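So the structure is just underneath, and the comments pick up after that.
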Amino acid sequence: MKKVAFVALVLAAVSGGFYFYKVRTAAPEPVVTTQPFSRGDIVDAVSATGTLEAVETVEVGTQVSGVVRELNADFNSIVRKGQVIARLDPQLIQTQIEQQAANVLRAEADLERLKVALADARQKLDRAQQLTEKNLIPRTELETAQVNVQSAEAQIKSSEASLSQARAQLSNQRVSLGYTTIKAPIDGIVISRNVDAGQTVASSMNAPTLFVLAADLTKMQVVAAIDEFDVGRMRPGQHVTFQVDAFPNDRFAGTVSQIRLQPAVVQNVVTYSTVITVPNPELKLKPGMTANVTVEVIRRSNVLRVANAATRFRPTEEMFAVLNQAIPADLQRTRGTGAREARPGNPAAQAGGAAGAQGTTATTGTTQPSRTLTSGATTIDALFAPVATAETRGAVWQYGTDHQLKMIRVRLGATDGTFTEVLNETDVPTEAVMVTAMKTGLEPKSNATAGSSSQTSNPLLGGGQRGAPAGRGGR
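The opening residue of the sequence shown carries number 77 in this note's numbering; numbering runs sequentially from there.
In structure tokens, the structure reads:
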């Protein structure tokens with residue numbers, strides 16, 4: 077029995093060693109990650125941040141100084157055009173009106189006195205002319221009478237000018253009295269009130285703002301800061317969706333209406349303001365809210381699409397070796413010329429160099445406007461054509477049921493960063509699955525053990541000795 081047990085033990089040890097040897101020397105099994113073609117929407121969008129504003133706002137100020145005696149409107153008040161929303165104390169201006177009225181009366185009296193003096197001077201001039209003709213008075217008296225008439229006429233003109241000035245000042249004070257009554261210039265809503273009753277407002281070079289009125293809060297706009305990298309793809313009429321922090325579960329929609337040409341530079345970052353018209357029928361949106369904007373530049377609905385990871389996948393020689401597959405001739409020629417296929421996310425390839433090596437040319441993404449400006453357009457936004465999609469050529473790799481890789485040439489269109497539109501749908505087996513990643517099993521082992529060893533040997537962390545094998549160091 078002891079011999080039988082010993083023989084059984086030896087046979088078990090030999091079988092275990094043989095099995096261990098086969099496992100260690102067996103060919104590695106590749107791990108292939110695939111994803112099939114799919115059909116859906118592709119939206120090429122630009123993200124930005126903007127601020128909600130009323131489409132039309134009016135600042136209501138005062139042209140005269142005084143104490144606010146009465147306020148007839150407050151925040152959120154609905155006002156109508158011509159409605160009295162505030163009054164200033166008119167006593168000071170009324171006193172000035174009375175003073176100017178007295179100045180007018182004095183100027184009129186001075187003018188009447190000068191007219192009487194002119195009539196007297198003319199009578200003396202007539203008498204002197206008659207006496208001079210009879211040689212009864214010397215010639216010098218006649219000249220003196222003429223000078224007196226001319227002086228009286230000049231004084232009357234000066235008095236008339238003073239009277240006109242006094243009347244103008246009186247009229248000015250009466251107009252200022254009318255300015256003490258503040259009226260709403262438009263139909264709207266009070267979104268800001270900057271004064272209180274009893275407060276003194278001083279109007280000097282700039283008129284102080286008492287109220288800010290929004291014409292209609294059911295129509296608002298978002299002014300978004302678009303980076304200079306993306307502003308070339310902005311066009312009026314593009315669909316926009318955005319969210320605000322006040323309603324995180326709601327998505328609001330709008331339309332691009334204007335791309336302003338004035339740049340804004342903040343910390344060496346150049347942005348351009350893009351105005352987005354937004355309907356606000358439920359009055360949820362408030363002025364000043366921050367909007368996280370997504371502008372749809374290109375939209376493709378219900379198109380065949382492929383994952384971008386599949387367009388970026390490129391098999392290596394080790395992959396073909398593990399699959400017991402010969403390297404395709406097309407791939408050998410491509411590697412021989414050193415060319416790269418154009419694929420989404422590879423700007424250098426899309427620029428034309430790599431695409432030219434694959435027998436393709438990239439189309440221009442935008443159309444330049446006419447420089448003659450002879451089309452009769454009223455704004456520069458109307459001169460730009462819609463954004464066109466750049467067509468590129470690429471290759472994806474099908475993983476068949478025979479566990480072999482097969483190259484499929486594709487023409488690619490719009491992309492959203494995750495999927496890319498396939499233009500040659502009729503040339504592509506839509507039921508096939510595409511390789512997005514592959515592990516051959518021959519990759520280097522993880523350096524977790526080495527990292528653990530290096531951390532353990534760090535004298536600042538404590539533990540084992542420098543260069544000690546993993547697992548011997550202290551914790």
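Just so it is clear, CB atoms sit at the ideal spot from N, CA and C, and this is done for glycine as well. Note that the structure is a prediction, hence the values are computed from the model and not measured.
Next on the checklist: Are the CB atoms of Thr491 and Asn400 within a distance shorter than 8 Å?
Outcome noted: Locating residue 400 in the sequence shown gives position 324, where the first residue counts as 1. Locating residue 491 in the sequence shown gives position 415, where the first residue counts as 1. In this structure, Thr491 does not lie closer than 8 Å to Asn400 by Cβ.
Next on the checklist: So, at 6 Å on beta carbons, what are the nonlocal neighbours of Asp186 in its own chain, with the 5 sequence-adjacent residues on each side left out?
Outcome noted: Locating residue 186 in the sequence shown gives position 110, counting from the first residue. Hits under 6 Å: Ser235.
Next on the checklist: Just to confirm the assignment, what range does the beta strand (DSSP E) spanning Ala300 have?
Outcome noted: Counting from 1 along the sequence shown, the entry for residue 300 is found at position 224. Counting along the chain, the beta strand (DSSP E) containing Ala300 begins and ends at Lys295 to Asp303.
Item to check | Contact check, Ala301 vs Ser333, beta carbons under 8 Å | outcome: The residue labelled residue 301 in the question sits at position 225 within the sequence shown. The residue labelled residue 333 in the question sits at position 257 within the sequence shown. Not closer than 8 Å, so no.
Checklist entry - If you compare alpha carbons, which of Gln159, Pro404 and Arg243 is closest to Gln175? => result For this step, residue 175 is matched to residue 99 along the sequence shown. Closest by alpha carbon: Arg243.
Item to check | Cα-Cα separation, Arg269 to Pro261 | outcome: Within the sequence shown, the letter at position 193 stands for residue 269. Within the sequence shown, the letter at position 185 stands for residue 261. Roughly 15 Å between the two C-alpha positions.
Checklist entry - Which residues bound the alpha helix (DSSP H) around Arg243? => result By 1-based counting over the sequence shown, the position of residue 243 is 167. Residues Arg215 to Tyr255.
Item to check | Residue range of the unbroken alpha helix (DSSP H) whose run includes Ala190 | outcome: Within the sequence shown, residue 190 is the residue found at index 114, counting from 1. One point to set straight first is that residue 190 is Leu, not Ala, in the sequence displayed. Here the alpha helix (DSSP H) through Leu190 covers Gln167 to Glu209.
Next on the checklist: Assuming contact is defined by CB atoms lying nearer than 8 Å, are Val382 and Phe495 in contact in what I supplied?
Outcome noted: Here residue 382 refers to the residue found at position 306 when the sequence shown is read from its first residue. Here residue 495 refers to the residue found at position 419 when the sequence shown is read from its first residue. Cβ distance < 8 Å, so Val382 and Phe495 count as in contact.
Checklist entry - Whose C-alpha, out of Glu132, Ala471 and Glu358, is nearest the C-alpha of Pro391? => result The sequence position of residue 391 within the sequence shown is 315, counting from 1. Of Glu132, Ala471 and Glu358, the residue nearest in Cα terms is Ala471.
Checklist entry - Would a check of beta-carbon distances place Gln199 closer than 8 Å to chain B? => result Among the protein chains of the structure shown there is no chain B, as only one such chain exists.
Next on the checklist: On the CB-based measure, 16 or more other CB atoms within 10 Å of its CB, does Val341 come out buried or exposed?
Outcome noted: Along the sequence shown, read from residue 1 onward, the residue named residue 341 stands at position 265. It counts as exposed.
Item to check | Residue of Lys295, Val346 and Gln338 minimising C-alpha distance to Thr331 | outcome: Looking up residue 331 in the sequence shown gives position 255. When only C-alpha atoms are compared, the closest one is Lys295.
Item to check | contact_flag[the region 371–382, the region 115–122] where n(CB pairs < 8 Å) is 3 or more | outcome: yes
Item to check | Cβ neighbour criterion (16 or more within 10 Å) applied to Asn356 | outcome: For the purposes of this step, residue 356 is taken as the residue at position 280 of the sequence shown. So Asn356 counts as buried.
Item to check | Val489 versus Asp326 - alpha carbon distance | outcome: As a working mapping, residue 489 is identified with position 413 in the sequence shown. As a working mapping, residue 326 is identified with position 250 in the sequence shown. With the sequence shown as reference, residue 489 is identified as Gly, and Val is not the correct amino acid for it. If I take the Cα positions, the gap works out to 31 Å.
Checklist entry - Apart from the five residues on each side of it in sequence, which residues of its chain come closer than 8 Å, Cβ to Cβ, to Gln245? => result Translated into the one-based positions of the sequence shown, residue 245 becomes position 169. Closer than 8 Å at Cβ, skipping near neighbours: Gln176 and Asn179.
Checklist entry - Going by other Cβ atoms of all chains shown within 10 Å of its Cβ, with 16 needed for buried, is Phe328 buried or exposed? => result Within the sequence shown, numbered from 1, the residue matching residue 328 stands at position 252. Phe328 comes out buried.
Checklist entry - Is the CB-CB distance between Ala386 and Thr468 below 8 Å? => result To locate residue 386, count along the sequence shown from 1; it is residue 310. To locate residue 468, count along the sequence shown from 1; it is residue 392. Their beta carbons are not under 8 Å apart, which means Ala386 does not touch Thr468 by this criterion.
Item to check | Candidates Ile154, Val225 and Gly142, of which the one nearest Leu164 by Cα | outcome: Working through the sequence shown from its first residue, we reach residue 164 at position 88. The candidate whose alpha carbon is nearest that of Leu164 is Gly142.
Item to check | Closest residue to Glu507 among Met483, Gln480, Gly493 and Gln474 (Cα-Cα distance) | outcome: To locate residue 507, count along the sequence shown from 1; it is residue 431. Minimum Cα distance to Glu507 is reached at Gln474.
Item to check | Buried/exposed call for Ser377, threshold 16 Cβ in 10 Å | outcome: Translated into positions along the sequence shown, residue 377 becomes position 301. Per the 10 Å Cβ criterion, exposed.
Checklist entry - Which residues does DSSP pair with Val266 in a beta bridge? => result As a working mapping, residue 266 is identified with position 190 in the sequence shown. DSSP lists Leu289 as partners of Val266.
Checklist entry - Using the beta-carbon count (16 or more within 10 Å), is Ala402 buried or exposed? => result The count along the sequence shown starts at 1 and reaches residue 402 at position 326. Exposed.
Checklist entry - Can you tell me the Cα-Cα spacing of Thr276 and Arg145, whole angstroms? => result On the sequence shown, residue 276 is found 200 positions in, with the first residue counted as 1. On the sequence shown, residue 145 is found 69 positions in, with the first residue counted as 1. Thr276 and Arg145: Cα-Cα distance of roughly 9 Å.
Item to check | Simplified DSSP state of Lys362, which is helix, strand or coil | outcome: Residue 362 sits at position 286 when you count from the first residue of the sequence shown. Coil, per DSSP.
Next on the checklist: If the criterion is Cβ atoms closer than 8 Å, does the pair Val251 and Asn152 meet it?
Outcome noted: Position 175 of the sequence shown holds residue 251. Position 76 of the sequence shown holds residue 152. Result no, Cβ atoms of Val251 and Asn152 do not sit closer than 8 Å.
Item to check | Backbone CA spacing between Val398 and Gln408 [nearest angstrom] | outcome: Taking the first residue of the sequence shown as position 1, residue 398 is located at position 322. Taking the first residue of the sequence shown as position 1, residue 408 is located at position 332. Straight-line Cα distance between these residues: approximately 18 Å.
Checklist entry - Excluding five sequence neighbours on each side, which residues of the same chain lie with their C-beta closer than 7 Å to the C-beta of Leu87? => result Along the sequence shown, read from residue 1 onward, the residue named residue 87 stands at position 11. If we look at Leu87 and ignore the five residues flanking it on each side, it has no Cβ neighbours.
Checklist entry - Taking buried to mean at least 16 other C-beta atoms within 10 Å of its own C-beta, is Val192 buried or exposed? => result Position 116 of the sequence shown, counting from 1, holds the residue named residue 192. Result: exposed.
Checklist entry - Is the beta carbon of Asp263 less than 8 Å from the beta carbon of Lys157? => result Position 187 of the sequence shown, counting from 1, holds the residue named residue 263. Position 81 of the sequence shown, counting from 1, holds the residue named residue 157. Yes, these two residues count as a Cβ contact at 8 Å.
Checklist entry - Along the chain, where does the beta strand (DSSP E) that runs through Asn325 open and close? => result In the sequence shown, residue 325 corresponds to position 249, counting from 1. Taken as a continuous stretch (DSSP letters only), the beta strand (DSSP E) holding Asn325 covers Phe323 to Val342.
Item to check | Alpha-carbon to alpha-carbon, Val379 and Arg309 | outcome: Translated into the one-based positions of the sequence shown, residue 309 becomes position 233. Translated into the one-based positions of the sequence shown, residue 379 becomes position 303. Taking the straight line joining both Cα atoms gives about 22 Å.
Item to check | Exposure of Glu132, with buried meaning 16 or more beta-carbon neighbours within 10 Å | outcome: In the sequence shown, the residue the question calls residue 132 occupies position 56. Its Cβ having fewer than 16 others within 10 Å, Glu132 is exposed.
Checklist entry - What residues in its chain sit with their C-beta under 7 Å from that of Gly137, if we drop five residues either side in the sequence? => result Taking the sequence shown and counting its residues from 1, one reaches residue 137 at position 61. Excluding residues within five positions, the ones whose Cβ falls inside 7 Å are Ala283, Pro284, Thr285 and Leu286.
Next on the checklist: Restricting to Cα atoms, I'd like to know which of Lys79, Gln338, Ile335 and Asp321 is closest to Gly364.
Outcome noted: Locating residue 364 in the sequence shown gives position 288, where the first residue counts as 1. The shortest C-alpha separation from Gly364 is found at Asp321.
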